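Novice: The opening position of the sequence shown corresponds to residue 1 in the UniProt record's numbering, with each subsequent residue numbered one higher.
Before I ask anything, let me first share the structure, which is written out below as structure tokens.
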Amino acid sequence: MKILTFGASNTKNSINKALARFTATLVPGGEVEVLDLSDYDLPIFSEDLEKEIGQHPRAKAFFEKIGAADGVIVSFAEHNGSYTAAYKNLFDWASRIDQKVFQGKPTVYLSTSPGPGGAASVLASAKGSAQFFGVDLKAAVSVPSFYDVFDAETGRINEPNALADLTTAAKTLALREAA
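Spelled out as structure tokens, the structure:
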């Protein structure tokens, strides 16, 4: 099972990328590909620019990566209660290829932050709009206080409740294969 995973941030050492990568390792039989949103840097979307240049090749590449996956794990970083500008811009470009950006792929949404909120606001927003963008949302998990529950040396979540929630979420992607 091909699992595509990414943190919805272009921060080099994104905690959301680390959470997404770790959670993908929990998918039984998963073959994991980790995307770096920095590889999909795009000019700010506008209809005028789209008319001028057409569909941007990086947006097409991102869309195709999702299409080639059997399942997707995204961990949303929260900037001022919403998506990061990097993710929102890439998503806007990709949605012009097809509004169903996630193409019906079984998906797990995650979020984390250094504080106790766990980026729950952006996760709620993502969950609320998932149906409009072709997301087959299997699970959503917010992990608060990332630096307290993540062991940077091993790259693993060490807090039992968070680990259990992430394991359950990851297994929902494998259930599709068994059905």
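Heads up, the beta-carbon is just placed ideally off N, CA and C, and yes, glycines get one too.
As the structure is a computational prediction, the values presented were derived from the model and not from experiment.
Of the choices 37, 62, 72, whose alpha-carbon is the least far from that of residue 1?
Specialist: With distances taken between Cα atoms, residue 1 lies closest to 72.
Novice: So, are the CB atoms of residue 90 and residue 37 less than 8 Å apart?
Specialist: yes
Novice: Measuring CA to CA, which of 56, 123, 127, 75 is closest to residue 95?
Specialist: 56
Novice: What residues are listed by DSSP as bridge partners for residue 156?
Specialist: 151
Novice: Going by other Cβ atoms of all chains shown within 10 Å of its Cβ, with 16 needed for buried, is residue 78 buried or exposed?
Specialist: buried
Novice: Would you list the residues sitting across from residue 23 in a DSSP beta bridge?
Specialist: Answer is none; residue 23 lacks a bridge partner.
Novice: Give the range of the beta strand (DSSP E) segment to which residue 141 is assigned.
Specialist: 136-143
Novice: So the beta strand (DSSP E) residue 110 belongs to, where does it begin and stop?
Specialist: 106-112
Novice: Taking all protein chains shown into account, do 16 or more other C-beta atoms lie within 10 angstroms of the C-beta of residue 4, making it buried, or fewer, making it exposed?
Specialist: buried
Novice: Can you pull the DSSP bridge partners for residue 76?
Specialist: Note: residue 76 sits in a beta bridge opposite 111.
Novice: Tell me which same chain residues have a C-beta within less than 8 Å of the C-beta of residue 33, skipping the five on either side of it?
Specialist: 2, 3, 4, 5, 65, 69
Novice: Does DSSP classify residue 4 as helix, strand or coil?
Specialist: strand
Novice: With respect to the beta strand (DSSP E) encompassing residue 34, which residues constitute its N-terminal and C-terminal limits?
Specialist: It spans 31-35 - the beta strand (DSSP E) in which residue 34 sits, taken as one unbroken run.
Novice: So the candidates are 175, 155, 162; which of them puts its Cα closest to the Cα of residue 25?
Specialist: Minimum Cα distance to residue 25 is reached at 155.
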